[in-house]
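Q: According to UniProt numbering, the residues represented by the sequence shown are 1 to 158, in order.
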Amino acid sequence: MDKSPVKTPIKHILAAVDFSPMALYTARMAAQEAQLHDARLTLLHIFNPQMLNLQIPEEILPPTLDLREKLLQLAHAEMEKLRQSIAEDGIPPRMELEESGENIGKAVIDFGKAHAVDMLVVGSHGHGAIGRLLLGSVANDIVHYASCPVLVVKHHED
Numbered sequence: 001m002d003k004s005p006v007k008t009p010i011k012h013i014l015a016a017v018d019f020s021p022m023a024l025y026t027a028r029m030a031a032q033e034a035q036l037h038d039a040r041l042t043l044l045h046i047f048n049p050q051m052l053n054l055q056i057p058e059e060i061l062p063p064t065l066d067l068r069e070k071l072l073q074l075a076h077a078e079m080e081k082l083r084q085s086i087a088e089d090g091i092p093p094r095m096e097l098e099e100s101g102e103n104i105g106k107a108v109i110d111f112g113k114a115h116a117v118d119m120l121v122v123g124s125h126g127h128g129a130i131g132r133l134l135l136g137s138v139a140n141d142i143v144h145y146a147s148c149p150v151l152v153v154k155h156h157e158d
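Shown next as structure tokens:
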């Protein structure tokens with residue numbers, strides 16, 4: 001049996017981020033991996049417009065407000081905050097904000113395949129089995145269906 005180390009070159013790392021408290025921690029872990037492998041780093045947020053199909057009373061949300069545009073502006077601002085934090089650590093990440101009506105995990109995997117990603121990094125919120133049943137799990141989908149190595153960053157307690 002050959003016991004030599006696996007030599008899969010990792011040239012491009014993709015970190016999927018939401019804007020939860022885990023996002024910065026996940027992005028920093030991805031940046032460390034990028035530094036370790038001398039790889040490019042891309043931070044990706046999937047914007048799912050299906051979330052906007054909620055029935056929201058006009059008293060709460062006036063019809064003149066373009067919710068989609070406002071949410072996209074907020075997403076761009078959050079991505080810029082992540083970019084600045086990671087760039088301070090010496091890794092200038094490429095930022096991608098993709099709009100997709102698909103399952104978020106599938107959209108991340110598809111993006112990774114289309115952009116020749118060698119490793120995916122995703123945060124796990126630690127919802128456990130019940131959370132996965134009720135909420136679904138992006139990390140779980142990515143781990144099961146990705147065709148490249150996946151680093152799952154576990155819930156971080158300060």
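We put the beta carbon where it would ideally sit given N, CA and C, even for glycine. Quantities reported herein were computed from a predicted structural model and do not represent experimental measurements.
Figure out for me which residue from Asp89, Leu74, Lys11, Ala16 has the closest Cα to the Cα of Gln32.
A: For the residues Asp89, Leu74, Lys11, Ala16, the minimum Cα distance to Gln32 belongs to Asp89.
Q: Looking at Ala27: is its Cβ nearer than 9 Å to the Cβ of Leu82?
A: It is a contact, given that the beta carbons lie within the stated cut-off.
Q: Less than 9 Å between CB atoms is the rule here; does Asp89 satisfy it with respect to chain D?
A: The displayed structure is made up of one protein chain only, and chain D is not part of it.
Q: Candidates Asp38, Val117, His125: which alpha carbon is nearest Ala15's?
A: Ala15 has its Cα closest to that of Val117, out of Asp38, Val117, His125.
Q: Which runs of the beta strand (DSSP E), 3 residues or longer, sit entirely within the stretch 8-59?
A: DSSP runs (the beta strand (DSSP E)) wholly in the stretch 8-59: 12-16, 40-47.
Q: Among Lys154, Ala107, Ser137, Asn140, which residue has its Cα nearest to the Cα of Leu44?
A: Checked all of Lys154, Ala107, Ser137, Asn140; the closest Cα to Leu44 is Ala107.
Q: Can you tell me whether Leu120 is buried or exposed? The criterion is at least 16 other CB atoms within 10 Å of its CB, across all chains shown.
A: Buried, because 16 or more other Cβ atoms sit within 10 Å of the Cβ of Leu120.
Q: Thinking Glu99 and Phe19 are a contact (beta carbons under 8 Å), I'd like their distance in whole angstroms, please.
A: No, Glu99 and Phe19 are not in contact; Cβ-Cβ is about 15 Å, not under 8 Å.
Q: If we call anything under 9 Å between Cβ atoms a contact, is Leu97 one with Ala75?
A: Taking 9 Å as the Cβ cut-off, Leu97 and Ala75 qualify as a contacting pair.
Q: Going by DSSP, what residue range makes up the alpha helix (DSSP H) through Glu102?
A: No alpha helix (DSSP H) holds Glu102; DSSP gives it neither H nor E.
Q: Helix or strand or just coil, what does DSSP make of Gly123?
A: Strand at Gly123.
Q: For Leu41, does the count of other Cβ atoms within 10 angstroms reach 16, so buried, or fall short, so exposed?
A: Buried is the call here.
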